[in-house]
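Enquirer: Residue numbering for the sequence shown follows the numbering used here, beginning at 34 and increasing consecutively. By construction, the Cβ of each residue, glycine as well, lies at the ideal position given by its N, Cα and C atoms. One structure, pasted below without further comment.
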Amino acid sequence: MSRYISILFLLFTFSLAYGQLEKEFEQAIVTFDHRIKHPTDDDLGFSVDDVDLRSSDQRLDKFYAKVQEEKKAYVRSNIGKVHPDLIFEQFIYSHFTEEEIYHLKDEFPEESFYSSYGKQVKDIILYYEQKKEAVNKIFPQLSMSDEQEIFYSFPYLGRDRYILLHFWSSVCKSCIEKNRHFSELHDAYNRAGVAVISICVDYFPDNWKTVMEEEQFVNAHYYLPRTEFMNLSENFTLELSTTLLLNADLRIISRDIYKLDPLLESIIFD
């Protein structure tokens with residue numbers, strides 16, 4: 034009887050300690066988020082009341098990045114110490130990249146992936162693996178149309194050493210914003226032999242034509258029916274705002290938008 038009571042006491046003590054760790058974890062995350070939203074003068078090294086300086090000084094961005102990295106490191110260090118759902122929630126909502134999540138997958142017990150958050154993380158890991166498999170594949174030929182509804186066969190620019198493809202939709206505001214960046218890439222790399230091509234994948238071309246008239250993008254733009262894009266996405270794991278870098282053989286060499294600029298510079302100026 035006394036042994037049974039001792040076991041119950043140990044379990045009760047463990048549950049209290051486990052619950053305390055979870056409370057400490059949640060409070061730490063709240064503190065990180067508060068620091069990001071309400072930086073002090075000491076954090077930044079200048080007065081937050083100075084609006085002009087705050088908007089122009091790069092130290093603010095560096096501070097945000099520093100706190101985010103500290104937050105990520107804290108989340109990583111608590112794997113196995115608190116309930117997996119608390120960790121997963123931080124993965125999904127705190128800007129962890131697919132690559133970061135993928136490299137941490139083996140640190141979680143398999144049963145943790147059966148929770149609601151765990152299933153979302155498992156889907157992210159699977160999608161990341163599929164995208165990795167798409168790299169080095171040969172991209173197929175496409176039949177695209179321009180604003181005058183003249184059809185072109187992709188690829189059509191044999192002189193280009195590299196082709197940068199961006200798939201987007203006219204109803205996606207963030208896609209339109211990225212297209213402005215692709216116009217800048219066209220200006221920067223076109224003479225170096227990089228064709229920057231944006232392909233709109235709407236169901237109907239009318240909205241796309243309207244956006245084209247309003248934005249006046251400088252790089253090449255074409256239209257591909259959404260149904261054809263969906264068929265293409267099954268083999269290459271594509272989605273709206275996917276970016277692919279192809280070499281002259283149409284082999285996919287990268288699909289990481291965040292590493293695009295340094296990669297282009299390295300392969301062009303090497």
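When you compare each of Asp-220, Gly-226, Phe-250, Ala-61 to Cys-233 by their alpha carbons, which one comes out closest?
Expert: The residue with the shortest Cα to Cα distance from Cys-233 is Phe-250.
Enquirer: So, under 8 Å CB-CB, Tyr-135 and Tyr-161 are touching, yes? Tell me the CB distance rounded to an integer number of Å.
Expert: Rounded, the Cβ-Cβ distance is 5 Å, consistent with contact.
Enquirer: Between Ile-157, Glu-133, Ala-228, which lies nearest to Lys-105 when the distance is taken from Cα to Cα?
Expert: Comparing Cα positions, the closest option is Glu-133.
Enquirer: Which residue comes first and which comes last in the alpha helix (DSSP H) that contains Ser-110?
Expert: Note, Ser-110: alpha helix (DSSP H), 92-110.
Enquirer: Check for me: the beta strand (DSSP E) holding Asn-280 runs from which residue to which?
Expert: Run containing Asn-280: 276-280, per the beta strand (DSSP E) assignment.
Enquirer: Would you tell me roughly how many angstroms separate the C-alpha atoms of Pro-173 and Leu-283, rounded to the nearest one?
Expert: If you take the alpha carbons of Pro-173 and Leu-283, they lie about 8 Å apart.
Enquirer: Look at the alpha carbon of Asp-179 and the alpha carbon of Tyr-256, and state the distance between them as a whole number of angstroms.
Expert: Computed Cα separation, rounded: 6 Å.
Enquirer: What did DSSP end up calling Ala-61 once you bin it into helix, strand or coil?
Expert: Here Ala-61 sits in helix by DSSP.
Enquirer: Nearest to Met-263 by alpha carbon, out of Asp-239, Lys-242, Asp-235, Leu-278?
Expert: Comparing Cα-Cα distances from Met-263 to each of Asp-239, Lys-242, Asp-235, Leu-278, the minimum goes to Asp-235.
Enquirer: Count the other CB atoms within 10 Å of the CB of Pro-117; is the residue buried (16 or more) or exposed (fewer)?
Expert: Classification for Pro-117: buried.
Enquirer: Going by DSSP in three states, Arg-194 sits in which element: helix, strand or coil?
Expert: Here Arg-194 sits in coil by DSSP.
Enquirer: For Gly-52, name the three-state secondary structure that DSSP assigns.
Expert: Gly-52: helix per DSSP, three-state reduction.
Enquirer: Spell out the partners DSSP gives Trp-201 in its beta bridges.
Expert: Per DSSP, Cys-233.
Enquirer: Identify the continuous beta strand (DSSP E) that holds Leu-265 and give its terminal residues.
Expert: Unbroken run through Leu-265 is the alpha helix (DSSP H), 259-269; no beta strand (DSSP E).
Enquirer: Let's test the definition: count the other Cβ atoms within 10 Å of the Cβ of Ile-171 and tell me whether it reaches 16, buried, or not, exposed.
Expert: So Ile-171 ends up on the exposed side.
Enquirer: Taking the alpha-carbon positions, what's the Ser-207 to Leu-197 distance?
Expert: Using only the alpha carbons, I get a separation of about 18 Å.
Enquirer: Where does His-254 fall in DSSP's three states?
Expert: If DSSP states are grouped into helix, strand and coil, His-254 belongs with the strands.
Enquirer: Please report how far the alpha carbon of Leu-86 lies from the alpha carbon of Leu-93, in whole angstroms.
Expert: Only weak support exists for where Leu-86 lies, its pLDDT of 47 falling under 50; the value from the coordinates is given anyway. If you take the alpha carbons of Leu-86 and Leu-93, they lie about 10 Å apart.
Enquirer: Return the residue from the list Trp-201, Tyr-195, Gly-113, Ile-209 that minimises the CA-CA distance to Ile-286.
Expert: Among Trp-201, Tyr-195, Gly-113, Ile-209, the Cα nearest to that of Ile-286 belongs to Tyr-195.
Enquirer: Is DSSP giving Arg-68 helix, strand or coil here?
Expert: DSSP places Arg-68 in helix when its eight states are reduced to three.
Enquirer: Distance check for Gln-163 and Ser-148, CA to CA, integer angstroms please.
Expert: Straight-line Cα distance between these residues: approximately 22 Å.
Enquirer: Compute the Euclidean distance between the alpha carbons of Leu-49 and Lys-56, then round it to the nearest angstrom.
Expert: Bear in mind that the predicted position of Leu-49 carries a pLDDT of just 44, short of 50, making it unreliable; the figure below should be weighed with that in mind. Spanning the two alpha carbons is a distance of roughly 11 Å.
Enquirer: Determine the extent of the alpha helix (DSSP H) in which Phe-124 is found, giving its start and end residues.
Expert: Unbroken alpha helix (DSSP H) run through Phe-124: 117-126.
Enquirer: Could you have a look at Ile-315 and say whether DSSP puts it in helix, strand or coil?
Expert: Because the chain spans 34 through 303 in this model, residue 315 falls outside it and cannot be assessed.
Enquirer: Taking all protein chains shown into account, decide if Arg-288 is buried (16 or more other Cβ within 10 angstroms of its Cβ) or exposed.
Expert: Its Cβ being crowded by 16 or more others within 10 Å, Arg-288 is buried.
Enquirer: Just mark His-219 as buried or exposed, buried being the case when its beta carbon has 16 or more other beta carbons within 10 Å.
Expert: Buried.
Enquirer: Counting contacts by CB-CB distance shorter than 8 Å, is Trp-201 in contact with chain B?
Expert: Looking at the structure shown, chain B is missing, and only one protein chain is on hand.
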